[in-house]
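Numbering (UniProt numbering), first residue to last: 1 to 225.
Set out below in structure tokens:
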């Protein structure tokens, strides 16, 4: 093995975590799809994108769970984009102040099945929110995280040829009014909450990013193409 090849292999073993800041949902979706294909081909190692989005509602593959309470034209007038995508689950929303991360991981190389992967995302969220002083729990049959019956984090994933994309969104200090325009994940009567609301004190996304990165490395590690 040449020195250059050895260096490339070593680099691929390290989880590549990219902070995209505030970025358009459609542009980040296109990037995810590109990275997913590159990961399938073995051109890159496992990657995680961390991002906040301008206001957007995404509609998942389960059409019965895509319930808008306001006409799309009115959403557009309010500056809220609407995007149909192919991840699991129903409608959800993103806006600034929400911490979103999209892992592009090869599940077979990590020794994970799809259900185990979702539980791994939940475990990362539980650990992260505990550090912010907000205890959370899973709810069987409903991916995501809950605190005192209120939903604080949503999960929607897609797996293509054993490689993941889409991911997890955690409400930190975002405007929760966006969830009044739709039925989150198709769950009637669900109340959405945030870290700031539950903790009763100011909290920002950047402070949680600092805690998230080591949790991603610990739980997801990295693997070779």
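C-beta atoms are modelled at their ideal positions from N, C-alpha and C, and glycine is treated no differently.
Considering only 164, 95, 28, 38, the residue with the shortest C-alpha distance to residue 120 is 164.
Residue state for residue 214 is assigned as helix, using DSSP reduced to three classes. Assigned with DSSP and collapsed to three states, residue 137 falls in strand. Inside the segment 43–92, DSSP marks whole alpha helix (DSSP H) runs of 4 or more residues at positions 72–77, from first to last along the chain. A contact is defined here as three or more CB-CB pairs under 8 Å, and the segment 99–106 meets this definition with respect to the segment 44–53. In chain order, 51, 52, 53 place their CB closer than 8 Å to the CB of residue 23, counting only its own chain and leaving out the 5 sequence neighbours on each side.
Looking at the DSSP output, residue 183 shares a beta bridge with 67. Just measuring C-alpha positions, the residue of 45, 133, 123 sitting nearest residue 139 is 123. Residue environment analysis places residue 115 among the exposed positions, since fewer than 16 neighbouring C-beta atoms fall within 10 angstroms of its C-beta.
When rounded, the separation of the alpha-carbon atoms in residue 85 and residue 29 is 9 Å. Beyond the five residues adjoining it in sequence on each side, residue 195 comes within less than 6 Å, by CB distance, of 132, 134, 172, 203 in the same chain, given in chain order. Annotation for residue 144: the continuous beta strand (DSSP E) segment containing it runs 142–147. As summarised for the segment 15–46, the continuous beta strand (DSSP E) elements at least 3 residues long and confined to that stretch are 16–22, given in chain order.
The criterion of a C-beta distance shorter than 7 Å is not satisfied by residue 82 and residue 96. Per the C-alpha coordinates, the member of 47, 34, 197 positioned closest to residue 150 is 197. With fewer than 16 other CB atoms across the displayed protein chains lying within 10 angstroms of its CB, residue 214 is exposed.
Excluding five sequence positions before and after residue 136, the CB atoms of its chain that fall closer than 8 Å to its own CB belong to 125, 126, 129, 130, 145, 146, 147, 152, 153, given in chain order. As a beta-bridge residue in DSSP terms, residue 98 pairs with 171.
Excluding five sequence positions before and after residue 79, the CB atoms of its chain that fall closer than 7 Å to its own CB belong to 55, given in chain order.
Apart from the 5 residues on each side of it in sequence, residue 176 sits with its Cβ closer than 8 Å to the Cβ of 192, 193, 194, 197 in its chain, given in chain order. Between residue 87 and residue 60, the CB-CB gap stays under 7 Å.
Residue 67 holds the alpha-carbon nearest to the alpha-carbon of residue 91 among 67, 77, 112. Residue range 114–131 is occupied by the alpha helix (DSSP H) that includes residue 125.
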